[in-house]
Amino acid sequence: MAVVADIGPVKLYYFDFGDFSKGLPDDCGRSENVKLLLEDAGISYEYLLTKWSDWNRVRGEWVANGFLTGSLPVLETKNGKKYFMTVPILSFLSKKLGQYYGKNIDEEHIVDVVADLTNDFYDSFVHNYWLRPDKRESHRKNEVPIHINRLERFYAANTGPYLLGSEISFADFQVYHVICDEEVVELPPHLTNFVKTFKKRPNIKKYLEKKKKN
Numbered sequence: 070m071a072v073v074a075d076i077g078p079v080k081l082y083y084f085d086f087g088d089f090s091k092g093l094p095d096d097c098g099r100s101e102n103v104k105l106l107l108e109d110a111g112i113s114y115e116y117l118l119t120k121w122s123d124w125n126r127v128r129g130e131w132v133a134n135g136f137l138t139g140s141l142p143v144l145e146t147k148n149g150k151k152y153f154m155t156v157p158i159l160s161f162l163s164k165k166l167g168q169y170y171g172k173n174i175d176e177e178h179i180v181d182v183v184a185d186l187t188n189d190f191y192d193s194f195v196h197n198y199w200l201r202p203d204k205r206e207s208h209r210k211n212e213v214p215i216h217i218n219r220l221e222r223f224y225a226a227n228t229g230p231y232l233l234g235s236e237i238s239f240a241d242f243q244v245y246h247v248i249c250d251e252e253v254v255e256l257p258p259h260l261t262n263f264v265k266t267f268k269k270r271p272n273i274k275k276y277l278e279k280k281k282k283n
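First residue of the sequence shown: 70, per the numbering used here; consecutive thereafter.
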């Protein structure tokens, strides 16, 4: 286990969607990917939410003060430095910790590929399920199986239970989260084994139990 004292505590900024997220799973949104990694690694963090209705004003203020992307999530380290975008944040944390990114450049490539594929899956969820309730049935029937079967092929390529085999990667946090947000009930065998194993990780198990109580 890597030493995390030089990283935490951190601040994680995201949206409070309010009524906009009615009918959607709890903790939907890309920041949950980062939260899962922080929880698993035992990194202390403060979760700071901006109301969706205030976002345009807040974004304008942030951009004027050097907030380069004008989007969330954002991770702020204890020295005040900010890191942007979900996958780059996950990549930064993984490199800083010396874990979650594979043991060599070939494994890094696989992690990057599945991170991109999972982003494609999540974009489909946002545009065809979240923003367009009228497309939800079509999305579940036509889009979800394509993404699930593609991810299953990657998890079947190793002995598992994780993407790279016995060692977890940051892409695993993304895959778990998109499966939860999509509320996929029936999964193929390798993804089923992955989800069961993932939920038993000590810090993840504690985090999920805490969420249930709240």
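Where a beta carbon is used, it is the ideal one built from N, C-alpha and C, also for glycine.
Asked, Found
"Outcome for Ser-235 when other beta-carbon atoms lying within 10 angstroms are tallied against a minimum of 16", "exposed"
"Residues bridged to Lys-164 (per DSSP)", "Lys-164 is not bridged to any residue."
"Which residues DSSP lists as bridging Thr-119, in chain order", "Phe-84"
"Cβ pair count under 8 angstroms reaching 3, the region 203–216 against the region 235–245", "no"
"Distance, Leu-81 Cα to Lys-279 Cα", "18 angstroms"
"Between the CA atoms of Asp-109 and Ile-179 - distance to the nearest angstrom", "21 angstroms"
"Inter-residue spacing [alpha-carbon to alpha-carbon] between Phe-267 and Tyr-191", "19 angstroms"
"Other residues of its chain near Val-127: CB distance less than 6 angstroms, five sequence neighbours each side excluded", "Thr-119"
"For Asp-189 and Lys-282, the rounded distance between their alpha carbons", "32 angstroms"
"Any 3 or more C-beta pairs closer than 8 angstroms across the region 154–166 and the region 222–237", "no"
"Buried versus exposed call for Ile-174 [16 or more other C-beta atoms within 10 Å across all chains shown]", "exposed"
"Own chain, CB closer than 7 angstroms to Leu-106, minus 5 neighbours either side, in chain order", "Leu-159, Leu-162, Tyr-169, Phe-239, Phe-242"
"Residues that DSSP places opposite Lys-104 in a beta bridge", "In DSSP, Lys-104 forms no bridge with anything."
"Separation of Asp-85 from Glu-130, as counted between CA atoms", "18 angstroms"
"Three-way DSSP call (helix, strand, coil) for Phe-136 in this model", "coil"
"Proximal residues to Lys-275 (C-beta, below 6 angstroms), its chain only, five neighbours per side dropped", "none"
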